[in-house]
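Numbering (my numbering), first residue to last: 1 to 238.
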Ligand SMILES: [Zn+2]
Ligand SMILES: [Zn+2]
């Protein structure tokens with residue numbers, strides 16, 4: 001119910017055409033069934049990468065991948081599980097010019113930030129960049145919209161040009177974990193090594209699946225002298 005009422009805040013633009021997820025007639029932006037399918041990431045999860053554990057009881061601790069040092073960022077947290085209505089909502093946000101969804105999503109990211117990153121002295125927000133080719137195709141980078149909305153709430157500046165995608169890569173969604181890593185290896189470059197040297201930064205992406213993209217960005221940032229990289233995403237595949 002809480003989600004429905006929050007959707008109403010941004011619903012004026014949406015619900016004339018029915019539920020924005022399933023299209024059924026509804027009095028709010030997202031119908032009750034779709035709203036009920038939305039799950040927040042909850043503990044127990046990995047204390048570093050935030051991946052929820054399949055056992056729904058017990059305490060949070062490091063996961064196997066993080067113990068092995070696979071994740072190079074300092075801390076990562078996601079708002080939602082990437083399933084149910086969230087998949088469609090993010091898709092609409094990405095490809096449907098549903099720019100106003102950024103209002104709802106950025107509120108959720110703000111709460112997540114306050115809970116996990118508020119005391120970390122982060123001084124810059126960096127959206128995961130699209131390649132120039134994909135940006136042309138899509139007209140806007142949804143991750144940059146989120147970064148800008150969060151930036152306004154936190155008064156932390158966005159540096160959209162610092163990270164650049166220098167390699168055209170096929171979409172990650174159809175690839176295995178191994179292929180994803182290979183796909184994005186050396187795909188990102190830091191354009192200015194001076195501005196953020198020694199700083200702590202927040203990297204924003206929409207969905208985290210295997211972590212290949214955020215790790216590729218993190219490696220490029222750490223190589224360029226950034227002190228620590230924190231990651232926040234709207235949704236995480238569980
Ligand atoms: Zn619906
Ligand atoms: Zn982990």
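Here a beta-carbon is modelled for each residue, glycine too, at the ideal position from N, C-alpha and C.
I want to check one thing, is the minimum distance from the CB of residue i to the heavy atoms of ligand 1 below 7 Å?
i           : result
residue 92  : no
residue 240 : The displayed coordinates of the chain run from 1 to 238. Any statement about residue 240 would go beyond what the structure contains.
residue 87  : no
residue 39  : no
residue 217 : no
Give the DSSP-derived three-state secondary structure of residue i in the structure shown.
i           : result
residue 155 : coil
residue 5   : With a pLDDT of only 48 at residue 5, under 50, the local geometry of the prediction cannot be trusted, and the value read off the model is given with reservation. If DSSP states are grouped into helix, strand and coil, residue 5 belongs with the helices.
residue 224 : coil
residue 206 : strand
residue 25  : coil
residue 91  : helix
residue 194 : coil
residue 32  : helix
residue 46  : strand
residue 55  : coil
residue 104 : helix
Which residue wins for smallest C-alpha separation from residue i, given the options the options?
i           : options            : result
residue 202 : 158, 52, 209, 152  : 158
residue 78  : 153, 109, 38, 30   : 109
residue 115 : 170, 189, 75, 67   : 75
residue 162 : 146, 65, 89, 191   : 191
residue 154 : 131, 132, 170, 117 : 117
residue 65  : 46, 34, 83         : 46
residue 80  : 152, 56, 208, 176  : 208
residue 220 : 144, 177, 87, 165  : 165
residue 229 : 235, 236, 204, 33  : 204
residue 48  : 68, 23, 137        : 68
residue 169 : 177, 185, 100, 61  : 185
For residue i, count neighbouring Cβ atoms within 10 angstroms of its own Cβ and tell me buried if that reaches 16, exposed if not.
i           : result
residue 226 : buried
residue 121 : exposed
residue 12  : With a pLDDT of 46 at residue 12, under the threshold of 50, the modelled position of that residue is not reliable, and the figure given next carries that caveat. By the 10 Å Cβ count, residue 12 comes out exposed.
residue 83  : exposed
residue 102 : buried
residue 95  : exposed
residue 233 : buried
residue 113 : buried
residue 71  : buried
residue 171 : exposed
Less than 7 Å between the CB of residue i and some heavy atom of ligand 2, yes or no?
i           : result
residue 203 : no
residue 72  : no
residue 51  : yes
residue 48  : yes
residue 65  : yes
residue 75  : no
- prompt: What are the complete alpha helix (DSSP H) segments, minimum 4 residues, inside the stretch 108-188?
  reply: 132-138, 142-154, 177-184
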